[in-house]
Structures are given as C-alpha cells and as structure tokens.
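Asks: So the protein lines, in turn, are chains A and B. FYI, numbering that gives the first Met the number 0 numbers position 118 of the first sequence as 117, with every residue one higher than the one before it. FYI, numbering that gives the first Met the number 0 numbers position 70 of the second sequence as 69, with every residue one higher than the one before it. Input: one structure, supplied below.
2 protein chains.
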Amino acid sequence: MRESAERLLLKAGLRPTSQRLGLAAVLFDGHDKHVTADDVMHLASNAGVDVSVATVYNTLGQLCAAGLLRRVTLDGGRTFFDTNISAHHHVFFEDDDRLMDLPGDSIQVTGLPDLGDGATIKSVDILVRVERR
Amino acid sequence: MRESAERLLLKAGLRPTSQRLGLAAVLFDGHDKHVTADDVMHLASNAGVDVSVATVYNTLGQLCAAGLLRRVTLDGGRTFFDTNISAHHHVFFEDDDRLMDLPGDSIQVTGLPDLGDGATIKSVDILVRVERR
DNA sequence: ACGTACTTTAGAATAATTCTATTGTGCGAA
DNA sequence: TTCGCACAATAGAATTATTCTAAAGTACGT
C-alpha cells in the first residue's frame with residue numbers, strides 16, 4: 000500500500016514525508032471511511048504511525064484541498080472526513096451518530112437555481128437525516 | 000410584536016420570561032434571518048435585551064426543539080439559526096460567508112432511498128456551495 | 001555533503017458551546 | 001395577595017475541536 004500512498008501524495012503535490020505516508024496508508028486502505036480527526040489519531044497510533052494532532056489536521060486539510068478527501072460537517076459541528084470522493088451524498092443515523100454513503104446516482108436533484116453572473120456552483124450536498132424507531 | 004412573541008412561546012410550551020420574550024421579538028420580527036448565537040447576542044443587546052450567552056444558547060436550542068427555528072451547520076462548524084422554518088434549502092456564498100434561502104419548491108429531489116424497517120426520514124437538507132469569480 | 005524551503009511538533013491560544021452551582025422569577029394554589 | 005416551588009437566568013468555569021506559534025527536523029535539488 001505504501002507505493003500508492005506515495006503516488007497519491009506526489010499527485011497532490013505533497014512531499015511524501017513519513018507522517019503523510021503513514022496517514023495516507025491508514026486512510027486509503029481500500030475501504031471507504033468516515034473518520035474524525037480524532038479517529039485518525041487513533042488509527043495512526045494503532046498502526047504505529049507517530050504523529051501530532053497539528054500534523055493530522057494539517058494533513059487532512061491538505062488532502063481535502065487536493066481533492067483526495069472530502070470534508071462532511073454535520074449538525075452540532077461534528078466534522079468527518081470521507082475517503083470516498085466519488086459523487087455521492089450522505090445519510091446520517093441520529094440514533095448511533097453514524098454516517099453512511101448514498102450512491103451518487105441514486106438521487107437526482109433538479110431545479111438548481113441559475114445564479115448567472117459569474118457565480119459557479121462548487122458543490123451540492125444532500126444530507127438525509129434518519130431516525131429509527 | 001410582543002403579543003405574537005408571547006403566543007409563539009406559549010405554543011412551544013416555553014414560559015414567556017422577559018429574556019425569551021426579548022429574544023423572540025428580536026428573532027421573529029417578520030424578516031427571515033440567518034443568525035449565529037453571537038449575532039443574537041448583539042441583536043439582543045442592541046434592542047436593549049439584557050441576556051447571557053448561556054440563555055441565548057438555551058433559548059435557541061429550545062426554539063429549535065420546538066420547531067420554531069432551524070439549525071443550519073456548515074463546513075467549518077459554523078452554526079446558523081434560520082428563522083424561516085418553511086421547507087427550503089440553502090445556498091452558501093463562500094466569498095462572503097453568507098447563507099441564502101432557496102425556495103423549497105424550486106428544487107426537487109428524486110430517488111431517496113427506501114430505508115424500510117421502521118426508519119423514518121427526519122429531514123433532507125441540500126446545501127449548494129457557490130463561489131463568485 | 002549542504003542549504004534551504006517545506007514539515008513536524010509540543011504546547012499555547014482561540015472559539016464555540018456546554019456545564020455548574022447559585023440566584024432569580026413566573027405562576028398556580030392557598 | 002402572598003407563598004412556595006419548579007422552572008429559568010446568570011456568571012464564570014470547563015470542555016471540545018481546531019488553529020496558531022515558534023522552534024527543531026527533514027526531504028531534496030545542487
């Protein structure tokens with residue numbers, strides 16, 4: 000997995016330092032994830048990657064800026080980082096504070112406003128909030 | 000405006016105390032608003048309503064719980080309270096950190112998942128992020 | 001090997017929100 | 001009306017998440 004982590008970082012214009020390689024390996028292990036910065040700290044630590052909070056935040060931010068990670072913010076200000084960057088939306092289960100992907104092609108949005116005059120739509124995010132009974 | 004503020008509070012099962020009346024008057028003045036807790040502090044203060052932070056947060060939370068106010072959380076964890084509780088979505092202008100309403104009937108969402116087994120959809124929120132050039 | 005610009009780091013700083021413990025108040029009952 | 005009490009308001013401390021700072025470390029072109 001090291002090689003692809005390195006390639007990812009280079010592609011993103013990030014110097015492949017040991018911390019970044021470790022974090023990338025933990026994040027991009029082939030399974031989609033929704034993780035908080037804190038989760039990443041623990042995952043890294045469990046994987047033997049020694050890294051500081053500041054670096055975790057820096058790196059997550061850089062990966063987002065590079066489009067390799069997607070930031071998802073929910074009610075209450077909880078911030079998740081989503082390793083699935085394909086077009087898709089989210090379902091949030093209130094009961095257990097869990098976030099789930101919703102395949103991008105399952106939902107269609109029509110009637111987006113025409114903002115005209117040089118304004119560009121950067122993203123359209125849909126969050127479906129669900130409660131079990 | 001006092002009367003309707005009092006009616007709103009009673010309808011929500013909240014005792015119409017002087018702070019709540021003041022906050023309700025400031026919030027529900029007939030104009031839709033997107034305000035932060037901090038904005039509310041200042042609005043209240045400008046209106047001569049003396050109220051503490053804790054009470055602002057308590058009251059905003061209670062009004063949300065009662066369905067009189069809608070909480071909108073954006074990237075970066077900024078929390079806005081929306082006095083427009085009719086079905087609608089939002090556009091966020093990245094350039095000036097401003098939130099705008101998008102009439103509920105202008106956008107259609109199709110293909111929402113069937114979650115079956117006693118799960119109910121509590122809300123579907125759409126956030127369109129826009130950048131001007 | 002060297003120099004430098006980019007990185008990492010610990011810990012402090014900030015910001016937003018919640019908690020705590022005390023004081024105050026609306027309102028029904030006497 | 002006054003009383004009592006459950007509910008509410010308050011100041012300030014505490015918590016949580018994130019960013020900043022300044023110093024030490026490291027990748028990499030030359």
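We treat Cβ as the ideally placed atom computed from N, Cα and C, and that holds for glycine. Remember, it's a predicted structure, so these values are computed and weren't measured experimentally.
From what residue to what residue does the alpha helix (DSSP H) around ARG19(A) run?
Replies: First-last of the alpha helix (DSSP H) with ARG19(A): 17-26.
Asks: For THR109(A), which beta-bridge partners are listed by DSSP?
Replies: Paired residue(s): GLN107(B).
Asks: Does chain A have any CB closer than 8 Å to the CB of ILE84(B)?
Replies: Not one chain A Cβ lies under 8 Å of ILE84(B).
Asks: Answer yes or no: does any C-beta atom of chain A fall closer than 8 Å to that of SER3(B)?
Replies: Not one chain A Cβ lies under 8 Å of SER3(B).
Asks: Since ARG98(B) sits in a beta bridge, which residues does DSSP pair it with?
Replies: Before going further, note that residue 98(B) is Leu rather than Arg in the sequence given. Beta-bridge pairing links LEU98(B) to PHE91(B).
Asks: Report back the beta-carbon spacing between GLU130(A) and THR72(B) to the nearest angstrom; my notes put them in contact at under 8 Å.
Replies: About 17 Å; that fails the 8 Å criterion.
Asks: Taking the C-alpha atoms as reference points, what is the distance between ARG6(B) and THR82(A)?
Replies: Cα to Cα, the separation comes out at about 48 Å.
Asks: I want to verify the contact list: residues of chain A whose CB lies under 9 Å from the CB of GLN107(B), in sequence order.
Replies: Those are GLN107, VAL108, THR109 and GLY110, listed as they occur along chain A.
Asks: Rounded to the nearest angstrom, how far is the Cβ of VAL108(B) from that of VAL108(A), given a contact under 8 Å?
Replies: About 6 Å; that satisfies the 8 Å criterion.
Asks: For chain A, is any of its Cβ atoms less than 8 Å away from the one on THR35(B)?
Replies: No, THR35(B) lies away from the interface with chain A (no Cβ there is under 8 Å from its Cβ).
Asks: Only counting the same chain, and skipping five residues up and downstream in sequence, which positions put a Cβ closer than 7 Å to that of GLY66(B)?
Replies: Around GLY66(B): ILE84.
Asks: Rounded to a whole number of angstroms, what is the C-alpha to C-alpha distance between LEU42(B) and SER51(B)?
Replies: About 13 Å.
Asks: Interface residues of chain A around VAL129(B) at Cβ under 8 Å?
Replies: Simply LEU114, ALA118, THR119, ILE120 and LYS121.
Asks: For ASP100(B), would you say it is in contact with chain A, using Cβ-to-Cβ distances shorter than 8 Å as the test?
Replies: Not an interface residue.
Asks: Can you tell me whether ARG1(A) is helix, strand or coil according to DSSP?
Replies: Here ARG1(A) scores only 42 on pLDDT, less than 50, and its place in the model should not be relied on; the value that follows carries that caveat. Helix at ARG1(A).
Asks: What are the residues of the stretch 68-84 of chain B that lie near chain A, defined by any Cβ-Cβ distance shorter than 9 Å?
Replies: The stretch 68-84 of chain B vs chain A, Cβ under 9 Å: ARG70, VAL71, THR72, LEU73, ASP74, GLY75, GLY76, ARG77 and THR78.
Asks: Which residue comes first and which comes last in the beta strand (DSSP E) that contains SER51(B)?
Replies: No beta strand (DSSP E) holds SER51(B); DSSP gives it neither H nor E.
Asks: Establish whether the CB of LEU126(A) and some CB of chain B are separated by less than 8 Å.
Replies: Judged by the 8 Å Cβ criterion, LEU126(A) is in contact with chain B.
Asks: What do you reckon, are the CB atoms on LEU98(A) and HIS33(A) nearer than 8 Å?
Replies: Yes, these two residues count as a Cβ contact at 8 Å.
Asks: Span of the alpha helix (DSSP H) holding LEU42(B)?
Replies: 36-45 is the span of the alpha helix (DSSP H), which, as asked, contains LEU42(B).
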